[in-house]
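S.K.: Protein chains in written order, with the working numbering: chain A, 2 to 292; chain B, 2 to 292. C-beta atoms are modelled at their ideal positions from N, C-alpha and C, and glycine is treated no differently. Take a look at the following structure, please.
Number of protein chains: 2
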Amino acid sequence: MELIDGNKIASDIAAELKAEVATFTGRRPCIALVRVGDDAASISYVKKKENMAAEIGMTSRLVLPPVSITQDELCALVDGLNADAGVDGILVQSPLPKPIDEVAVFRRIAAHKDVDGFHPLNLGKLAQEDPTGFVACTPAGIMELLRRTGVSLAGKHVVVLGRSLIVGKPAALLAVQRNQWANATVTICHSQTPDLASFTRQADVLIAAIGKAEFVTADMVKPGAVIIDVGVSRVPDATKKTGTRLTGDVHFPTVSKICSKITPMPGGVGPMTVAMLMKNTVKAYRQNNHV
Amino acid sequence: MELIDGNKIASDIAAELKAEVATFTGRRPCIALVRVGDDAASISYVKKKENMAAEIGMTSRLVLPPVSITQDELCALVDGLNADAGVDGILVQSPLPKPIDEVAVFRRIAAHKDVDGFHPLNLGKLAQEDPTGFVACTPAGIMELLRRTGVSLAGKHVVVLGRSLIVGKPAALLAVQRNQWANATVTICHSQTPDLASFTRQADVLIAAIGKAEFVTADMVKPGAVIIDVGVSRVPDATKKTGTRLTGDVHFPTVSKICSKITPMPGGVGPMTVAMLMKNTVKAYRQNNHV
């Protein structure tokens with residue numbers, strides 16, 4: 002069994018981006034990071050993005066509106082960043098405070114600066130295999146993990162567990178694309194699928210994104226399968242000082258014994274997300290400035 | 002075995018649209034039908050659309066540029082229709098003459114008038130389950146055929162044979178949506194899938210859109226399955242005066258003996274396409290005029 006090392010692959014991508022950015026004449030690519038309020042997890046996520054941008058030699062612009070900002074004010078703020086020629090990509094950190102319609106704010110981001118890949122135009126371009134779009138960071142990261150560990154999906158059966166807009170569906174659309182690393186047969190199953198295990202057991206590559214801690218057990222996996230664990234859950238653990246630990250959608254201790262490759266949690270898909278955000282921002286810089 | 006009568010269902014939809022349009026005050030919904038050149042099949046398709054619009058009480062505007070029209074001129078023509086407040090939906094009949102980049106012309110149509118549902122924004126809205134988008138007419142028609150023959154996809158395994166942008170992918174995305182008629186587990190397989198029959202035999206509902214005449218034979222079908230045949234091919238037939246006949250992707254004589262329901266060809270999916278185009282145009286009229 003081989004561990005798929007997301008930290009290593011993400012840092013390879015960062016190094017490649019750093020070398021690429023170093024060749025740019027003129028200003029550096031710039032990502033605007035919008036964080037509303039002082040949610041502890043959001044502060045930490047945005048800090049990671051800021052740090053990786055700096056490591057790569059990109060600029061980041063931290064925008065910190067107060068938690069009291071209204072929907073209209075936040076939309077106006079996004080409009081300003083959309084119009085700002087010095088900003089290549091815009092990231093609005095989720096979650097936004099309750100009264101704000103998060104989806105409406107995400108959709109306000111101009112498609113050509115939507116480096117999170119949440120805009121319907123970008124999802125449509127993914128479905129149409131139009132390379133000018135931005136692919137959501139988690140599914141894009143999954144494809145990089147597979148490619149860079151030598152797993153071509155061609156002729157394989159990929160089973161995606163979960164049909165979310167930002168992971169399950171785009172991952173399925175990527176896997177079925179007509180290109181040498183994709184070309185898979187794809188099944189999307191989800192919480193409403195009867196006898197889920199009968200599907201997951203068929204998977205040559207299983208992408209678990211159902212959001213249930215340690216849901217995928219060894220009896221649900223075909224021996225030799227490649228396992229991508231997208232889940233992040235906190236579960237009780239009396240052996241830890243905090244009384245809890247993080248875990249994925251896969252029961253790692255048993256599944257790792259029978260699969261051929263698996264992403265650990267943490268250190269699998271997670272680190273890829275930030276790397277792909279930066280990759281999308283460099284792409285936006287190139288496209289928006291015709292570099 | 003029950004035949005799914007596309008002609009009957011399409012004419013039910015036309016009657017419903019006629020009743021709906023009769024309630025509108027002010028101008029009628031209007032579809033612009035753009036046909037370049039004098040391709041015989043295109044003339045016949047556009048005529049069908051014109052006739053159904055008239056039957057429903059809608060207006061159609063026939064636009065007939067010469068076969069010599071350039072790409073730029075055709076784009077300018079589309080721009081004019083996009084800007085024309087009297088036009089609700091725009092249909093550019095495929096195929097366009099060779100030198101013209103058909104995809105570029107289709108994408109030129111404003112998303113809010115794209116009643117064919119080919120614009121990436123509309124495909125993205127479908128993937129995001131945003132009801133303001135326009136769903137491509139063939140997959141939308143398939144869902145209507147199923148709904149109106151009482152086939153809910155919830156808990157079913159839908160296998161889509163073919164991954165085209167205008168049938169296979171949108172049909173898969175529709176079947177997996179979170180609504181009472183969808184909620185299926187969906188597999189997309191295609192020409193590059195090894196052992197295709199092992200997938201098609203799992204289908205509770207099989208949507209055949211692979212573009213190969215009579216490709217699906219009885220041994221590829223689970224007894225009792227529902228079969229939707231999207232294919233249209235012309236094959237040699239010495240018993241016909243013309244020496245040919247039209248057929249679908251399904252070998253009807255054998256498959257119809259073991260399935261529970263099946264669409265005939267012709268008279269199945271085909272007639273639905275025009276009906277759904279009109280339904281989309283009425284929706285565009287409502288949305289663009291806030292009716």
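(1) Which value, in whole angstroms, describes the spacing of the CA atoms of LEU162 (chain A) and ALA105 (chain A)?
(2) Could you tell me which of A:ALA185, A:ALA86, A:LEU197 and A:PRO96 sits nearest to GLN193 (chain B), measuring between CA atoms?
(3) Please list, in chain order, the chain B residues whose beta carbon lies closer than 7 Å to that of CYS190 (chain A).
(4) Taking Cβ positions, are LEU147 (chain B) and GLY134 (chain B) nearer each other than 9 Å?
(5) Within the 9 Å Cβ cut-off, does PRO195 (chain B) reach chain A?
(6) From the DSSP output, in three-state form, read off CYS190 (chain A) for me.
(7) Mind listing which residues of the stretch 98 to 111 of chain B have their C-beta closer than 8 Å to chain A's C-betas, in chain order?
(8) For ILE208 (chain A), I'd like the list of residues in its chain whose CB is within less than 6 Å of its CB, leaving aside the five on either flank, ordered along the chain.
(9) Taking only beta-carbon positions, decide if ALA198 (chain B) is within less than 9 Å of chain A.
(10) Hey, how far is the Cα of ARG108 (chain A) from the Cα of PHE119 (chain A)?
(11) Quick one: is GLY225 (chain B) near chain A, going by C-beta distance under 9 Å?
(12) Any idea which residues DSSP pairs CYS300 (chain A) with across the strands?
(13) Counting only Cβ pairs nearer than 8 Å, list the residues of chain B close to ASP131 (chain A).
(14) Using the beta-carbon of each residue, which ones in chain C are nearer than 7 Å to ARG164 (chain B)?
(15) Are at least three pairs of beta-carbons, each pair with one atom in the stretch 85 to 105 of chain A and one in the stretch 36 to 53 of chain A, less than 8 Å apart?
(16) For MET53 (chain A) and ALA198 (chain B), I'd like the C-alpha separation in whole angstroms.
(17) Could you pull the DSSP bridge partners for ALA209 (chain B) from this structure?
(18) With distances taken Cα to Cα, identify the nearest neighbour of GLN178 (chain A) among B:GLY271, B:GLY169 and B:ASP89.
(19) Which residue from B:THR255, B:ARG164 and B:ARG62 puts its Cα closest to that of ALA183 (chain A)?
(20) In the DSSP assignment, the beta strand (DSSP E) including VAL256 (chain A) goes from what residue to what residue?
(21) Going straight from the alpha carbon of GLN72 (chain B) to that of CYS76 (chain A), what length do you get?
(22) Return the residue from the list B:GLY244, B:ALA23, B:ASP238 and B:MET273 that minimises the CA-CA distance to VAL231 (chain B).
(23) Straight-line CA distance for LYS114 (chain B) to ASP85 (chain B)?
(24) Based on DSSP bridge pairs, tell me the residues matched to LEU4 (chain B).
(25) From the DSSP output, which residues share a beta bridge with ARG235 (chain B)?
(26) Is the beta carbon of MET2 (chain B) closer than 9 Å to that of SER257 (chain B)?
(27) Out of A:ASN289, A:GLN203 and A:LEU278, which has the shortest C-alpha to C-alpha gap to SER61 (chain A)?
(28) Looking at the structure shown, is ILE91 (chain B) part of a helix, part of a strand, or coil, going by DSSP?
(29) For VAL217 (chain B), list the residues DSSP reports as bridge partners.
(30) Should the stretch 251 to 269 of chain A be regarded as contacting the stretch 280 to 287 of chain A, the criterion being three or more beta carbon pairs within less than 8 Å?
(31) Taking the beta carbon of LYS126 (chain A) as the centre, do at least 16 other beta carbons fall within 10 Å, making it buried, or is it exposed?
(32) I think VAL275 (chain B) touches LYS49 (chain B), with their Cβ atoms under 8 Å apart; what is that distance to the nearest whole Å?
(33) Would you say ALA155 (chain B) reaches chain A, if we count a Cβ-Cβ gap shorter than 9 Å as a contact?
(34) What does LYS170 (chain B) reach in chain A if we use C-beta pairs closer than 8 Å?
(35) Within 9 Å of any Cβ in chain A, is that where the Cβ of LEU124 (chain B) sits?
(36) Look at the alpha carbon of THR282 (chain A) and the alpha carbon of PRO30 (chain A), and state the distance between them as a whole number of angstroms.
M.R.: Let me spell this out:
(1) One-based indexing of the first sequence puts residue 162 (chain A) at position 161. One-based indexing of the first sequence puts residue 105 (chain A) at position 104. Taking the straight line from one Cα to the other gives about 27 Å.
(2) By one-based count along the second sequence, residue 193 (chain B) stands at place 192. Minimum Cα distance to GLN193 (chain B) is reached at A:ALA185.
(3) Here residue 190 (chain A) corresponds to residue number 189 of the first sequence, with the count starting at 1. Residues of chain B passing the Cβ test: THR186.
(4) As a working note, residue 147 (chain B) is residue 146 in the second sequence. As a working note, residue 134 (chain B) is residue 133 in the second sequence. Their beta carbons are not under 9 Å apart, which means LEU147 (chain B) does not touch GLY134 (chain B) by this criterion.
(5) Indexing the second sequence from 1 puts residue 195 (chain B) at position 194. Closer than 9 Å to some Cβ of chain A, the Cβ of PRO195 (chain B) qualifies, so yes.
(6) Position 189 of the first sequence holds residue 190 (chain A). Looking at CYS190 (chain A) - three-state DSSP - the assignment turns out to be strand.
(7) Against chain A - using a Cβ distance shorter than 8 Å - the stretch 98 to 111 of chain B contributes no residues.
(8) For the purposes of this step, residue 208 (chain A) is taken as the residue at position 207 of the first sequence. Taking C-beta separations shorter than 6 Å and ignoring five residues to either side along the sequence, the partners of ILE208 (chain A) in its chain run VAL161, ALA172 and ILE229, following chain order.
(9) Within the second sequence, numbered from 1, the residue matching residue 198 (chain B) stands at position 197. Cβ-Cβ to chain A under 9 Å: no for ALA198 (chain B).
(10) Start at 1 with the first residue of the first sequence, and residue 108 (chain A) comes out as number 107. Start at 1 with the first residue of the first sequence, and residue 119 (chain A) comes out as number 118. ARG108 (chain A) and PHE119 (chain A): Cα-Cα distance of roughly 7 Å.
(11) The residue given as residue 225 (chain B) occupies position 224 in the second sequence. Not one chain A Cβ lies under 9 Å of GLY225 (chain B).
(12) The question about residue 300 (chain A) has no answer, for chain A in this structure spans 2 to 292.
(13) Position 130 of the first sequence, counting from 1, holds the residue named residue 131 (chain A). PRO121, listed in chain order.
(14) Here the protein chains are A and B, and chain C is not one of them.
(15) Short answer: they touch.
(16) Walking along the first sequence from the start, residue 53 (chain A) turns up at place 52. Walking along the second sequence from the start, residue 198 (chain B) turns up at place 197. Those two C-alpha atoms are separated by around 47 Å.
(17) Against the second sequence, residue 209 (chain B) aligns to sequence position 208. Answer is B:LEU162 and B:ASP230.
(18) Position 177 of the first sequence, counting from 1, holds the residue named residue 178 (chain A). With distances taken between Cα atoms, GLN178 (chain A) lies closest to B:GLY169.
(19) Counted from its first residue, the first sequence places residue 183 (chain A) at position 182. Looking at the Cα atoms, B:ARG164 is the closest of the given residues.
(20) By one-based count along the first sequence, residue 256 (chain A) stands at place 255. Where VAL256 (chain A) is concerned, there is no enclosing beta strand (DSSP E), although the alpha helix (DSSP H) it sits in stretches over 253 to 256.
(21) As a position in the second sequence, residue 72 (chain B) is number 71, starting the count at 1. As a position in the first sequence, residue 76 (chain A) is number 75, starting the count at 1. Looking at the two C-alpha atoms, the distance is approximately 37 Å.
(22) Numbered from 1 along the second sequence, position 230 holds the residue referred to as residue 231 (chain B). Nearest C-alpha to VAL231 (chain B): B:MET273.
(23) Along the second sequence, read from residue 1 onward, the residue named residue 114 (chain B) stands at position 113. Along the second sequence, read from residue 1 onward, the residue named residue 85 (chain B) stands at position 84. Approximately 10 Å, taken between the alpha carbons.
(24) Taking the second sequence and counting its residues from 1, the one referred to as residue 4 (chain B) is at position 3. Note: LEU4 (chain B) sits in a beta bridge opposite B:ILE263.
(25) For the purposes of this step, residue 235 (chain B) is taken as residue 234 along the second sequence, with counting starting at 1. Looking at the DSSP assignment, ARG235 (chain B) forms a beta bridge with B:LEU247.
(26) Here the question's residue 257 (chain B) lines up with position 256 in the second sequence. Here the question's residue 2 (chain B) lines up with position 1 in the second sequence. Result yes, Cβ atoms of SER257 (chain B) and MET2 (chain B) sit closer than 9 Å.
(27) Translated into positions along the first sequence, residue 61 (chain A) becomes position 60. Checked all of A:ASN289, A:GLN203 and A:LEU278; the closest Cα to SER61 (chain A) is A:LEU278.
(28) Here residue 91 (chain B) refers to the residue found at position 90 of the second sequence. Note: ILE91 (chain B) maps to strand in three-state DSSP.
(29) Taking the second sequence and counting its residues from 1, one reaches residue 217 (chain B) at position 216. VAL217 (chain B) pairs with B:VAL251.
(30) no
(31) The residue given as residue 126 (chain A) occupies position 125 in the first sequence. Buried, by the Cβ-count rule.
(32) Translated into positions along the second sequence, residue 275 (chain B) becomes position 274. Translated into positions along the second sequence, residue 49 (chain B) becomes position 48. For a cut-off of 8 Å, the C-beta gap from VAL275 (chain B) to LYS49 (chain B) is around 6 Å, short enough to register as a contact.
(33) Translated into positions along the second sequence, residue 155 (chain B) becomes position 154. Taking Cβ atoms only, chain A reaches closer than 9 Å to ALA155 (chain B), which makes this a yes.
(34) Here residue 170 (chain B) refers to the residue found at position 169 of the second sequence. Chain A residues near LYS170 (chain B): ALA128, LEU174 and VAL177.
(35) In the second sequence, the residue the question calls residue 124 (chain B) occupies position 123. So yes, LEU124 (chain B) belongs to the interface.
(36) Indexing the first sequence from 1 puts residue 282 (chain A) at position 281. Indexing the first sequence from 1 puts residue 30 (chain A) at position 29. Their Cα atoms are separated by approximately 7 Å.
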